[in-house]
Amino acid sequence: MKNIKPISLVTAAIASLFLLGCEDSIDKVNSPIPYVPVGGYENSDDIAKDHLVAKFSFDGNLNDSKNNISNVEGTKVNFTKGIKGNAYKGSSTEARYAIGTGTSKITSVNNHTISFWLNTANTVPDAGSPGQGKGAQGLFSIVRPTEFWGD
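Counting with the working numbering, you get residues 3 to 153 for the letters of the sequence shown.
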(Lines of atoms letter the chains of each structure in order from A and count residues from 1; the text may use other names and numbers.)
(Lines give C-alpha, C1' and ligand atoms only; values in the text may rest on other atoms or scores of the structure.)
Protein backbone atom coordinates (compact mmCIF):
# COMPACT_ATOMS: atom_id res chain seq x y z
CA MET A 1 0.00 0.00 0.00
CA LYS A 2 2.92 2.34 0.79
CA ASN A 3 4.34 1.75 -2.69
CA ILE A 4 1.16 2.73 -4.55
CA LYS A 5 1.49 6.48 -3.90
CA PRO A 6 5.16 6.78 -5.07
CA ILE A 7 4.45 4.58 -8.10
CA SER A 8 1.43 6.73 -8.98
CA LEU A 9 3.51 9.91 -8.68
CA VAL A 10 6.30 8.52 -10.86
CA THR A 11 3.77 7.31 -13.45
CA ALA A 12 2.05 10.71 -13.47
CA ALA A 13 5.41 12.50 -13.87
CA ILE A 14 6.41 10.30 -16.81
CA ALA A 15 2.98 10.70 -18.44
CA SER A 16 3.20 14.51 -18.07
CA LEU A 17 6.59 14.53 -19.78
CA PHE A 18 5.11 12.71 -22.75
CA LEU A 19 2.04 14.94 -22.89
CA LEU A 20 4.02 18.17 -22.53
CA GLY A 21 6.28 17.06 -25.37
CA CYS A 22 3.32 16.98 -27.80
CA GLU A 23 3.11 20.24 -29.72
CA ASP A 24 2.95 21.45 -33.29
CA SER A 25 5.43 24.33 -33.19
CA ILE A 26 8.08 22.16 -34.85
CA ASP A 27 5.96 22.23 -38.02
CA LYS A 28 5.53 26.00 -37.83
CA VAL A 29 9.10 27.12 -37.12
CA ASN A 30 11.10 24.70 -39.27
CA SER A 31 11.37 25.19 -43.01
CA PRO A 32 10.52 22.17 -45.15
CA ILE A 33 13.49 20.01 -46.00
CA PRO A 34 14.37 19.51 -49.68
CA TYR A 35 12.58 16.58 -51.25
CA VAL A 36 14.69 13.50 -51.85
CA PRO A 37 14.03 11.67 -55.15
CA VAL A 38 11.70 8.75 -54.49
CA GLY A 39 12.05 5.72 -56.72
CA GLY A 40 14.17 7.73 -59.15
CA TYR A 41 11.52 10.43 -59.63
CA GLU A 42 12.43 14.08 -59.03
CA ASN A 43 8.85 15.38 -58.92
CA SER A 44 5.27 14.33 -59.54
CA ASP A 45 5.47 15.26 -63.24
CA ASP A 46 7.84 12.33 -63.82
CA ILE A 47 5.44 9.65 -62.55
CA ALA A 48 3.36 8.16 -65.38
CA LYS A 49 3.85 11.41 -67.28
CA ASP A 50 2.15 10.05 -70.40
CA HIS A 51 -1.04 9.57 -68.37
CA LEU A 52 -1.07 12.93 -66.56
CA VAL A 53 -3.58 15.04 -68.47
CA ALA A 54 -3.87 18.14 -66.27
CA LYS A 55 -1.84 19.77 -63.53
CA PHE A 56 -2.60 22.98 -61.68
CA SER A 57 0.17 24.25 -59.41
CA PHE A 58 -1.79 27.39 -58.38
CA ASP A 59 1.40 29.46 -58.38
CA GLY A 60 -0.49 32.73 -58.66
CA ASN A 61 -2.55 31.57 -61.64
CA LEU A 62 -5.00 28.92 -62.87
CA ASN A 63 -2.82 27.61 -65.71
CA ASP A 64 -2.82 23.91 -66.58
CA SER A 65 0.84 23.05 -67.20
CA LYS A 66 -0.24 20.16 -69.48
CA ASN A 67 -2.26 22.59 -71.67
CA ASN A 68 -5.32 20.34 -71.79
CA ILE A 69 -7.62 22.77 -69.98
CA SER A 70 -7.86 26.26 -71.45
CA ASN A 71 -9.94 29.41 -71.08
CA VAL A 72 -9.89 28.98 -67.31
CA GLU A 73 -11.87 31.74 -65.64
CA GLY A 74 -11.80 32.10 -61.88
CA THR A 75 -14.49 33.65 -59.72
CA LYS A 76 -13.20 35.26 -56.52
CA VAL A 77 -10.13 33.00 -56.75
CA ASN A 78 -7.39 33.67 -54.20
CA PHE A 79 -4.00 32.11 -53.61
CA THR A 80 -1.99 31.70 -50.42
CA LYS A 81 1.44 30.43 -49.44
CA GLY A 82 1.52 26.66 -49.55
CA ILE A 83 3.99 24.05 -48.36
CA LYS A 84 5.70 24.18 -51.75
CA GLY A 85 4.95 27.31 -53.78
CA ASN A 86 1.45 28.76 -53.65
CA ALA A 87 -1.91 27.12 -53.04
CA TYR A 88 -5.52 27.78 -53.98
CA LYS A 89 -7.35 29.46 -51.10
CA GLY A 90 -11.01 28.59 -50.69
CA SER A 91 -13.54 30.33 -48.50
CA SER A 92 -16.13 29.30 -45.94
CA THR A 93 -18.31 32.33 -46.66
CA GLU A 94 -18.37 32.79 -50.45
CA ALA A 95 -18.26 30.75 -53.64
CA ARG A 96 -14.79 30.63 -55.18
CA TYR A 97 -14.39 28.50 -58.26
CA ALA A 98 -12.82 28.15 -61.68
CA ILE A 99 -14.28 26.90 -64.95
CA GLY A 100 -12.30 25.87 -68.01
CA THR A 101 -12.62 24.12 -71.37
CA GLY A 102 -11.07 20.67 -71.70
CA THR A 103 -9.47 19.24 -74.82
CA SER A 104 -10.35 15.76 -76.07
CA LYS A 105 -7.64 14.38 -73.76
CA ILE A 106 -9.83 15.52 -70.87
CA THR A 107 -13.29 14.86 -72.30
CA SER A 108 -12.41 11.32 -73.44
CA VAL A 109 -11.23 10.18 -70.01
CA ASN A 110 -13.49 7.42 -68.69
CA ASN A 111 -11.56 6.57 -65.54
CA HIS A 112 -9.67 9.13 -63.56
CA THR A 113 -7.88 9.76 -60.29
CA ILE A 114 -7.85 13.20 -58.72
CA SER A 115 -5.17 14.02 -56.19
CA PHE A 116 -4.80 17.12 -54.04
CA TRP A 117 -4.00 18.22 -50.50
CA LEU A 118 -6.71 19.97 -48.51
CA ASN A 119 -6.18 21.94 -45.32
CA THR A 120 -9.49 21.64 -43.49
CA ALA A 121 -8.52 23.64 -40.41
CA ASN A 122 -11.31 25.96 -39.28
CA THR A 123 -13.71 24.89 -42.02
CA VAL A 124 -16.67 24.66 -39.63
CA PRO A 125 -16.04 27.70 -37.42
CA ASP A 126 -18.91 27.19 -34.99
CA ALA A 127 -18.14 23.46 -34.58
CA GLY A 128 -21.70 22.82 -35.71
CA SER A 129 -23.04 20.61 -38.42
CA PRO A 130 -21.98 21.09 -42.05
CA GLY A 131 -24.12 23.37 -44.18
CA GLN A 132 -23.83 26.06 -46.84
CA GLY A 133 -20.65 27.98 -46.17
CA LYS A 134 -19.42 25.45 -43.62
CA GLY A 135 -16.79 22.87 -44.33
CA ALA A 136 -15.25 21.67 -47.56
CA GLN A 137 -18.05 21.09 -50.09
CA GLY A 138 -18.19 20.69 -53.85
CA LEU A 139 -14.42 20.55 -54.14
CA PHE A 140 -14.22 19.09 -57.62
CA SER A 141 -16.58 18.38 -60.50
CA ILE A 142 -16.28 17.12 -64.06
CA VAL A 143 -19.40 18.13 -65.95
CA ARG A 144 -20.99 15.72 -68.41
CA PRO A 145 -23.67 17.79 -70.16
CA THR A 146 -25.33 14.73 -71.68
CA GLU A 147 -25.88 13.06 -68.29
CA PHE A 148 -28.14 14.11 -65.43
CA TRP A 149 -25.62 13.45 -62.65
CA GLY A 150 -22.68 15.31 -64.23
CA ASP A 151 -19.75 13.39 -62.80
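Cβ atoms here follow ideal geometry from the backbone N, Cα and C, with glycine treated the same way.
Can the beta-carbon of residue 103 be found closer than 9 Å to that of residue 72?
-> Against a cut-off of 9 Å, the Cβ pair of residue 72 and residue 103 comes out as a contact.
With contact counted as at least three CB pairs below 8 Å, one residue from each stretch, are the stretch 65-82 and the stretch 94-103 in contact?
-> For the pair of segments examined, the stretch 65-82 was found to touch the stretch 94-103: the number of CB pairs separated by less than 8 Å reaches three.
Taking the DSSP output, what are the residues bridged to residue 91?
-> 80
Tell me, which residues are paired with residue 1 by DSSP?
-> Beyond the ends of the chain as shown, which are 3 and 153, falls residue 1; an answer cannot be given.
State the CB to CB distance for the pair residue 56 and residue 66, rounded to an integer number of angstroms; the pair is presumed to be in contact (CB under 8 Å).
-> 5 Å
Should residue 60 be labelled buried (16 or more other beta-carbon atoms within 10 Å of its own) or exposed?
-> buried
From this set, 70, 63, 107, 68, which residue's C-alpha is nearest residue 88's C-alpha?
-> 63
For residue 85, which option in 40, 11, 36 has the closest C-alpha, if you only look at C-alpha atoms?
-> Restricting attention to 40, 11, 36, the CA atom closest to the CA of residue 85 is found in 36.
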